[in-house]
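In our numbering, the protein residues as written are 384 to 681. Note that CB positions come from ideal geometry on N, CA and C, so glycine has one too. Predicted model, so just to flag it, every value in this text is computed and none were measured. For reference, the structure discussed in these notes is given below.
And the structure:
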């Protein structure tokens, strides 16, 4: 039965492979959010883009520009995530803790900052943007005010974790769909989950997971990220940088609509194949009457 109209099943295999490639591009690229951040003393707005795990920050102060790598870090106890420019996980966790506790935060690590750290370590004093901050070990820090950012300004850890989980599920389900499509072209599995019925299931599960990804990230953007992109610069109080109304959802998110559509196409093709099979006229049957003595000749 599976090999009937096998070309249609093979087409679903090709479509699943394309969907899988797009999903991998989506989860690996760093353009889920594309934004700018304003600062009064900057020659131009900072440029920010990040994906589910990492991104990039370009800052322009006076006549110079600096590029920094961003990596997400979360405190699930507080339910908050931020994108930090610190280079180690311990430093990123410490930065998030400092922001939550309204403490001074480390500046983004650069060769210039490292040199300033060495010069300031003897005096036990750090400078950042013209503000002197006393510090026991001379670490370069930025002063925060008394107002703490509210939780809505952070990335809600539950939304982020759920988004990563469901896009991972969609990749797994799409992989199963591709594998089982080629299996059904070659063989005739008898187990429901592995035969044509299974193709319906895996495509439906993949589509459902992608819909949930788009809903979760859309809600997160609508309630939080469009007002504050949750990087260190925009979370400090008083906030030196503002990204309110300067963020958009990038192509890494929007391309998920393509594999979502492809899942619907796959299911439609399988239904069309079922229609062709049911429409086909059954083979003629020969009935022999008992009073037909011509059969005795044989």
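**Request:** Taking residue 461 and residue 483 to be in contact with their CB atoms under 8 Å, please state how far apart those CB atoms are, rounded to whole angstroms.
**Result:** Contact between residue 461 and residue 483 holds: CB atoms are separated by about 6 Å, below the 8 Å threshold.
**Item:** Beta-bridge partners of residue 682, as assigned by DSSP
**Value:** As shown, the chain starts at 384 and ends at 681. That puts residue 682 outside it, with no answer to give.
**Asked** Residues in its own chain within less than 6 Å of residue 421 by CB, not counting five upstream and five downstream?
**Response** Same-chain partners within the cutoff: 428, 625.
**Message:** If I follow the unbroken alpha helix (DSSP H) through residue 557, where does it start and stop?
**Reply:** Counting along the chain, the alpha helix (DSSP H) containing residue 557 begins and ends at 540-569.
**Message:** Beta-carbon within less than 6 Å of residue 458's beta-carbon, same chain only, minus the 5 sequence neighbours each way: which residues are those?
**Reply:** Sequence-distant Cβ neighbours of residue 458 in its own chain, meaning closer than 6 Å and more than five residues away, are 479.
**Item:** residue 403 beta carbon less than 7 Å from that of residue 433
**Value:** Taking 7 Å as the Cβ cut-off, residue 433 and residue 403 do not qualify as a contacting pair.
**Boundaries of the beta strand (DSSP E) in which residue 442 is found, first to last residue** = First-last of the beta strand (DSSP E) with residue 442: 437-444.
**Item:** CA-to-CA distance, residue 653 to residue 659, given in whole angstroms
**Value:** So the alpha carbons of these two residues sit roughly 10 Å apart.
**Request:** Evaluate residue 556 with the Cβ neighbour count: other Cβ atoms within 10 Å of its Cβ, from every protein chain shown; 16 or more gives buried, anything less gives exposed.
**Result:** With 16 or more Cβ atoms within 10 Å of its Cβ, residue 556 is classed as buried.
**Request:** Look up residue 661 in the DSSP assignment and say whether it is helix, strand or coil.
**Result:** DSSP places residue 661 in helix when its eight states are reduced to three.
**Item:** Inter-residue Cα distance where the pair is residue 650 and residue 414
**Value:** Separation of residue 650 and residue 414 (C-alpha to C-alpha, rounded to the nearest whole angstrom) is 30 Å.
**Paired residues, beta bridge with residue 455 - DSSP** = Residue 455 is bridged to 466.
**Message:** My output table needs one value for residue 630: the three-state DSSP class, helix, strand or coil.
**Reply:** DSSP places residue 630 within a strand segment (E or B) once states are collapsed to three.
**Host alpha helix (DSSP H) of residue 402 (start-end)** = DSSP places residue 402 in the uninterrupted alpha helix (DSSP H) bounded by 389-411.
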